[in-house]
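J.: Take this structure, written in structure tokens, and hold onto it; I'll ask about it next.
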Amino acid sequence: MSLLLCCVVTALHLATGLDAAPGVVNTTEEEVEGVDSQSPCPAGWHQNEHRCFSFYPVWATWATAELYCSQHRGNLVSVHSPGQQVFVQDLVRRHTDQPVWMGGYDAAQVHGVND
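Below, the structure is given as structure tokens:
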């Protein structure tokens, strides 16, 4: 079990016409609530390279972590550039020194292993 870090592409994606990265949920402008005039990210999320990130101090398995992120209109974070790697590392370090889940695909939960 690990903590989780979620990512979502927001209205900034829509405004710039940039393609979403694989494994990231696109949101519509109507879906993005709590957005202030200075940031395209929902309240409490942090912007980096046209994507928004949020750390949730929730202990969960990978499958539960991905579900949790999807319920917050995102996915587990995936890193798409060296700059984003530094940003994600800094964001995690501000919240915890524990391991965090990041993205992936076709994950199968195996019971009894690190449960």
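Residue numbers for the sequence shown follow UniProt numbering, beginning at 1 and rising by one.
In this text, a Cβ means the ideal position worked out from N, Cα and C, and glycines have one as well.
#1: Secondary structure at Pro82, three-state DSSP: helix, strand or coil?
#2: Please report the Cβ distance between Gly44 and Leu76, rounded to the nearest whole angstrom; I am assuming they are in contact, meaning their Cβ atoms lie under 8 Å.
#3: Reducing DSSP to helix, strand and coil, say where Arg73 ends up.
#4: In angstroms, rounded to a whole number, what distance separates the CA positions of Val100 and Pro40?
#5: Just the C-alpha distance for Gly34 and Cys52, rounded to the nearest angstrom, thanks.
#6: Among all the DSSP beta bridges, which residues are the ones paired with Cys41?
#7: The beta strand (DSSP E) with His46 in it runs from where to where?
T.: The structure says:
#1: If DSSP states are grouped into helix, strand and coil, Pro82 belongs with the helices.
#2: Wrong, their Cβ atoms sit about 17 Å apart, outside the cutoff.
#3: Reduced to three states, the DSSP call for Arg73 is coil.
#4: Spanning the two alpha carbons is a distance of roughly 25 Å.
#5: Summary for Gly34: the model assigns pLDDT 44, below 50, so the residue's position carries little reliability, and this model does not support an answer.
#6: In the DSSP output, where bridge partners are listed per residue, Cys41 has none listed.
#7: The continuous beta strand (DSSP E) containing His46 extends over residues 46-48.
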